[in-house]
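Residues in the sequence shown are numbered consecutively from 64, following the numbering used here. No residue lacks a Cβ here, since even glycine has one placed at the ideal position from N, Cα and C. A quick note: this is a predicted structure, and the numbers were derived from the prediction, not measured.
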Amino acid sequence: MGPVYPPKPESADWSQFTPMPTAWEDFDPKWKSKVKEPDTFNNDKIKLKDWWIDMEQYISSNKQLLMTSSQKVKTAFSYIRGSKVKSWKESFYRKYYNRTQLWWSISWERFQWELFNKFNDPDRKKKAFRAMQVLSMKLGQSTDYFTDLETLCEEAEFDMDNSYILELIEKNVPRDVFLPTYMSFAQAKDENGQPRPIPTDYPTWKNSIEHTDNYLFRINESMKSHQNTPKPTQRRPTTNNATNTNTITPQQHMARMEIPCRNCGNKKKDWAD
């Protein structure tokens, strides 16, 4: 009888993820596990349920070394290999492995649920295909988008060279990213000045969209940084109005004396004559 399909854990005991020191005082250096190492799981020749039974027995037999959830996940994860699980491993690693603390931020129970949900669900292909159709990209996250898209295509067993993939890209990539990418293809010329055909392969579109997305994201972040920079305040020089009103320079006094009188026409400096 295979293991019971586990329900999705609603919460996790985060203390399980903190690496704990191995009880070396109780460790026998001559001790060796009596359970044979499990085969690798590649989602091909061996069924997940059969592999999981072997893995649980192996983990249990090494409980002196594998005490925490992080240590158990690390061990089991190392036995998952092959081209059919590669993209899932990359996505799972990016999501749950803390590269700063060097441990897995996922409980052993949740790890089991993730495996069974991905590789033992009879409707997995249909669910993956539906998820692939609605998967959308955000500005600055093109790498994550294409990684998830490839993972879902693999789970749905959908050919990445199918033209429908390009239709999904056109639909789910932001307009600000897709249109410049398309125009760069539409306006491209060969060495003879003739228009180049617009590519129809996935890798070319992927690389070009990632390049455009990264460029636009850097510009967007630069503009945000510039807008958030406080502008220097300009101080006006302080003046003493009373002093400026009552005090005039000799040059100003001489200029005023040269002004003719409106009544007699004589200049003010000639009035004393």
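Tell me whether residue i is buried or exposed, calling it buried when 16 or more other Cβ atoms sit within 10 Å of its Cβ.
i, result
"K181", "buried"
"N291", "exposed"
"N106", "buried"
"Y227", "exposed"
"E218", "buried"
"L361", "Because the chain spans 64 through 336 in this model, residue 361 falls outside it and cannot be assessed."
"V364", "Since the first and last residues shown for the chain are 64 and 336, residue 364 lies out of range."
"M118", "buried"
"P101", "buried"
"T267", "exposed"
Which value, in whole angstroms, describes the spacing of the CA atoms of residue i and residue j?
i, j, result
"G256", "Q250", "11 Å"
"I116", "Q164", "30 Å"
"W176", "I282", "41 Å"
"R238", "T214", "23 Å"
"G145", "E254", "42 Å"
"R21", "W114", "Nothing can be reported for residue 21: it is not among the residues displayed for the chain, which extend from 64 to 336."
"E88", "L129", "Per-residue confidence for E88 stands at a pLDDT of 49, beneath the threshold of 50, marking its modelled position as unreliable; the derived number appears in the next sentence. Approximately 15 Å between the Cα atoms of the pair."
"S132", "L111", "20 Å"
"K99", "R259", "58 Å"
"I272", "F221", "21 Å"
"Y156", "D224", "26 Å"
In the DSSP assignment, the alpha helix (DSSP H) including residue i goes from what residue to what residue?
i, result
"I228", "S226 to N235"
"R187", "R187 to V197"
"L111", "L111 to S124"
"M286", "Y265 to N291"
"F174", "W171 to F182"
"E220", "Here E220 belongs to no alpha helix (DSSP H), and DSSP marks it neither H nor E."
Inspect the beta-carbon positions of residue i and residue j and report whether they are closer than 7 Å.
i, j, result
"M200", "V236", "yes"
"Y160", "W167", "yes"
"F280", "L202", "yes"
"F209", "K269", "yes"
"L198", "D211", "yes"
"D264", "S205", "no"
"F248", "I232", "no"
For this session: Mind the definition here: the stretch 124 to 139 touches the stretch 167 to 175 only if three or more C-beta pairs lie below 8 Å; say whether that holds.
Result: The stretch 124 to 139 is in contact with the stretch 167 to 175.
Exercise. Using 8 Å as the Cβ pair cut-off and three pairs as the minimum, do the stretch 116 to 129 and the stretch 192 to 199 touch?
Worked result: Counting C-beta pairs with one atom in each stretch, the stretch 116 to 129 and the stretch 192 to 199 have fewer than three that are closer than 8 Å, which means they do not touch.
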